[in-house]
Every structure is written in C-alpha cells, then in structure tokens.
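J.: Below: one structure in structure tokens.
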Amino acid sequence: MMDAFERFGLLINDRIVRTPLAIASMAGIVDAGYVLKRADHIGMACIGGYSVDQPTMDASKAVSAEGNRKEFLYDDPVKELKTQVALLEKSPVVTGINLRGSEPESYAAIARSLGDGVVYEIDAHCRQPAMVAAGCGEHYLKKPADLLAVVRALKSEGVTVSVKIRAGVAEDDRQLARKLWKSGADILHIDLMDFGSPKLRQIRNSCPLLLIANNSINTFERMREMLSHGADMVSLARKSDERTLSGLDAAISRYAAEEGWYNSPKQLCRGGDIRALAFCCMPVKECPLIPTLSRIGLPKEEYIRLKLDTVKGTPLEEGKQTCFGSLAWCCKTSSPCMFRDMTLKQQNIAKKDYMRMKRELSDTIMSRVFHDMPSDESS
Ligand SMILES: Cc1cc2nc3c(=O)[nH]c(=O)nc-3n(C[C@H](O)[C@H](O)[C@H](O)COP(=O)(O)O)c2cc1C
Ligand code: SF4
Ligand code: SF4
C-alpha cells in the first residue's frame, strides 16, 4: 500500500497529511468531537472559530444572542482550547485552531499557552458585524497591516500560521497573499466565494504558500478543478458530512495512485498556473509561455537552463525523438503523444512516475521563481 507521504507529499507542522482534504471551521459546530467522527476521511481540520480575548468573546455572546448563529461560549479560552486540542492529540488529523482575537498579543498569548503542536489559523473571514467591530474577521482584510502584525506575533512564538480569508474583500488578494508570505505565514486558506479557479490561479502565481481552497467544493470534479489551478488541499464546511468526505478521499487517493501527481496543473495554454512550466516547450513560438516568463521575471535563457540543469542525470533528460530532444519539454500524460510515450516505454518509465518527476521539476521551478522575487513587499 502506497503511504500517504509518497502519494501526496504533503507536510504541515512537521506532520504528514494523510489526504488533501480538510474540514473548515464553523463556529459553534466544528469542535474536536465533530472532527473525531470524520477523522478517517480527512487530513486536517480547523476547529472553531474560537474567540480568545474579551472584545471577541463579547462579540461571540452578541452574535449568539441574536439567535441566527451558533458560537462556542466559555469564560476561559485557554482551558477550552486545551481540552479540545487534547481530544485530538492521538488522532491522525493535523489540527488547526481558527481564532478570533482583537490584537496581536491575544494570539501570541494563546500560542504560548498551547505550544507548537497545532496550526494557528487567523480568522480574517468572519463578517458578523459584532466580530468585525471587535477588530477581527473581515476587519483584517480591510486593514491588512493589522493582519500582518498578528502573523508576525504568532511567528515570533515559533508556530505554524494559517490565514483564513474571503476572496474579493481585500483591495488586492494577490498583493495580500504576497505580503502574508513575506510576513511569515505558512498557509493561506481561501474562501473563493463565486470567484472560483481563476482567482485561485492568480494567488498561486503570486506566492509559494500552501493553499487550501474552500467554498462549495463538494464533488470530485470541483476538487480536481481547484487542485489543477494551484490548490494543495481543499476544505469543506457545510457539506463536511462523512459520506461526502469519504467519497472525496477515496476518489483523490485513487487518482493520485493512478496518475502520480494528485494536484497536477493544467497546461499553461489551457489556463494552468505557473507550476505548468514543468510541461512547457522551449520558448520558440507565439503562445502564453513567453508573456508568462516575462511577467514572473524569469529570462528565457534562464528558464531553458533551469529546466535542463534540473533534469540532468535523471530519466527526464532522455527523449531524442521528442519535439525538443528531452522529456524536460514534454506535455502532460493527459495530452496524447506517441513520441513521448515511446521514450517512456524505452526507458521503462511508468506514466505516473513521469508525472512524479514533473512534479519535482515544477517544485524546483517554483523555488527559483519565488526565491528570486523582490523582497520589498513586506509592509
Ligand atoms: C455556520 C457557519 C459558521 C462558520 N464559522 C466560521 C468561523 O468561525 N471561522 C471561519 O474562518 N469560517 C467560518 N465559516 C466559513 C466556513 O469555514 C467556509 O469558509 C464557508 O462555509 C464556505 O465553505 P463551504 O462551502 O464548504 O461551506 C462558517 C461557516 C458557516 C456555515
Ligand atoms: S510552451 Fe507549449 S505547453 Fe507551454 S503554453 Fe506554449 S504551447 Fe502551451
Ligand atoms: S514530443 Fe509530444 S509530449 Fe513531447 S513536447 Fe512534443 S508533443 Fe509534447
């Protein structure tokens, strides 16, 4: 049996993520008990949201008193969170805690009390007026400097940080993503609303953060749509029932075992994100490659050298009969091609292994693209 790391290659907070499927938080609903019932089908869960200081705890009471929405209510957030986290400690699920706080120190204090065994997710998503007035949720998308201060406060405690956002609220989601990355965030959890995969692709092309795509991703078709436009994982909230989660888990596990790269991008000319440079040809024709290279600041010659150097001594170096003399330039296995397939056969390379090698090539290209990005955008 293929193990989860070999299948998905996903690590969060130094733990192997069993499947690229998460439960997204729902205040008053998603706690440890909720997660444990679904633990066999997910890789990660964001419990909460939990309000962690007086202004946000008062906001939770106000929201709950209105009667339309549930909230987790308690007097001592540390005690409550410790209880919840302890319940999940032995489960294979990577635990995230979705937090609402009104200032950076509120988050840092929780991190000091709970330690680095969980992922700290900043709730920059909630639009309940009482919560926004308390200085969290969507407030952070309107005042990104406040959000970056929270990220930095958490990172100074040495913990893994996720930021949950709602797309289309900040002035520019791409800029926000970059600033979050430069401030030290590890994960961006995006409620895509109705913007869908084009928005996700833009964000993928802007930062190397681990991306979790969210909103109505309740079918395998939707899941693959997100994974092929830049998501590392997807999350479900309202439809996080056992039946839906187990169906998605089984389908993506099968897909990964058969295809080799569970979140392979579409080809660049079919709307893929920049990970698809791993499948691109030599830059010799009129197509989206050359404009993409100039947009990401990768000179043509360097792109050529990078790909050739990366595949040197690997099976991807082979392919004299292919269009450009090496599998480094060859297309996805979903595009039929007898020349590529002939080379794979001669080299005794299974198609799924070819795709795995393309994933490694893509990882190298992504490191190069983001490593060399100007670092003047951290404010
Ligand atoms: C009842 C309810 C409570 C929610 N509470 C939170 C919350 O506390 N923190 C948060 O970041 N998102 C919260 N969300 C948003 C969800 O995590 C998710 O982003 C949204 O429901 C869209 O995903 P879905 O289509 O899978 O439900 C809540 C959603 C619902 C329906
Ligand atoms: S280089 Fe090839 S794969 Fe890439 S965008 Fe152009 S035609 Fe498509
Ligand atoms: S040989 Fe086939 S797979 Fe390779 S670049 Fe040419 S068309 Fe694409």
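Using the numbering used here, the first residue of the sequence shown is number 214, and each one after it goes up by one. No residue lacks a Cβ here, since even glycine has one placed at the ideal position from N, Cα and C.
(1) Give a yes or no on contact between the segment 473 to 490 and the segment 452 to 460, applying the rule of three or more CB pairs nearer than 8 Å.
(2) Please tell me whether Gly262 has its Cβ less than 7 Å away from any Cβ of chain B.
(3) Less than 7 Å between the beta carbons of Leu502 and Cys493, yes or no?
(4) By the DSSP assignment, the beta strand (DSSP E) with His402 in it spans what residues?
(5) Compute every distance between the C-beta of Trp474 and the non-hydrogen atoms of ligand 3, then say whether any falls below 6 Å.
(6) Give the C-beta separation of Asn410 and Ala390 to the nearest angstrom, bearing in mind that I take them to be a contact with Cβ-Cβ under 8 Å.
(7) Let's test the definition: count the other Cβ atoms within 10 Å of the Cβ of Gln534 and tell me whether it reaches 16, buried, or not, exposed.
(8) Give me the Cα-Cα distance between Ala275 and Gln267, rounded to the nearest whole angstrom.
(9) Does the distance between the C-beta of Cys339 and the nearest non-hydrogen atom of ligand 2 fall short of 6 Å?
(10) With DSSP run on the structure shown, which of helix, strand or coil describes Asp336?
(11) Take the Cβ of Gln388 as the centre, count every other Cβ of all protein chains shown within 10 Å, and call the residue buried at 16 or more, exposed below.
(12) So for Pro375, helix, strand or coil by DSSP?
(13) I'd like to confirm something about Leu529: is its beta-carbon nearer than 6 Å to some heavy atom of ligand 1, or not?
(14) Run through DSSP, which three-state label would Gly262 get?
(15) Name the residue from Glu370, Gly241, Gly309 and Arg325 whose alpha carbon lies nearest to the alpha carbon of Gly256.
(16) Just how far apart, CA to CA, sit Ala324 and Phe433?
(17) Contact defined as beta carbons within less than 8 Å: I believe Gly350 pairs with Ala337. What is the distance between those atoms, to the nearest angstrom?
(18) Keeping to the same chain, check which residues put their C-beta closer than 7 Å to that of Val382; ignore five residues upstream and five downstream.
(19) Quick one: any contact between the segment 328 to 337 and the segment 300 to 320, if contact means 3 or more CB pairs under 8 Å?
(20) Can you tell me where the alpha helix (DSSP H) holding Met344 begins and where it ends?
(21) Assign Val230 to buried or exposed, taking buried as 16 or more other Cβ atoms, counted over all protein chains shown, within 10 Å of its Cβ.
(22) Among Pro233, Ser459 and Gly443, which has the Cα closest to the Cα of Asp253?
(23) Run through DSSP, which three-state label would Gly612 get?
(24) My assumption, with CB atoms under 8 Å, is that Asp399 sits in contact with Leu422. Please give the rounded CB distance.
(25) CA-CA distance, Val322 and Arg508?
(26) Taking the alpha-carbon positions, what's the Val374 to Ser429 distance?
(27) Considering only heavy atoms of ligand 1 and the C-beta of each residue, which residues fall inside 5 Å, strictly closer?
(28) According to DSSP, is Cys494 helix, strand or coil?
(29) Using only the alpha-carbon positions, how far apart do Leu401 and Lys513 sit?
(30) Can you give me the C-alpha to C-alpha distance between Trp474 and Gly510, rounded to a whole angstrom?
(31) Using CA atoms only, rank isn't needed, just tell me which of Ala235, Asp576 and Met495 is closest to Lys377.
(32) Taking the CB atoms as reference points, tell me whether Pro528 and Gln559 lie closer together than 7 Å.
(33) With DSSP as the reference, please indicate the residues paired to Met446 in a beta bridge.
(34) Going straight from the alpha carbon of Leu301 to that of Val291, what length do you get?
(35) Which value, in whole angstroms, describes the spacing of the CA atoms of Arg228 and Ala469?
(36) Going by CA-CA distance only, name the one from Leu294, Ala491, Asp486 and Cys544 that's closest to Asp522.
T.: Taking the definition as stated:
(1) no
(2) Absent from the structure is chain B; it holds one protein chain and no more.
(3) yes
(4) Ile400 to Asp404
(5) no
(6) Going by the sequence as given, residue 410 is Ser instead of Asn. Not a contact, Cβ separation roughly 15 Å.
(7) exposed
(8) 12 Å
(9) no
(10) strand
(11) exposed
(12) Going by the sequence as given, residue 375 is Ser instead of Pro. It is a strand residue.
(13) no
(14) strand
(15) Gly309
(16) 35 Å
(17) 7 Å
(18) Glu351 and Leu354
(19) yes
(20) Pro342 to Ala346
(21) buried
(22) Ser459
(23) What the structure shows of the chain is the stretch from 214 to 592, and residue 612 is not part of that stretch, so it cannot be assessed.
(24) 7 Å
(25) In the sequence as presented, Val is not what sits at residue 322; that position holds Ala. Straight-line Cα distance between these residues: approximately 41 Å.
(26) 24 Å
(27) Ala237, Ser238, Met239, Ala240, Gly262, Asn311, Asp336, His338, Lys377, Asp404, Asn427, Asn428, Ser429, Leu449, Ala450 and Arg451
(28) coil
(29) 30 Å
(30) 27 Å
(31) Ala235
(32) no
(33) Ile425
(34) 16 Å
(35) 19 Å
(36) Ala491
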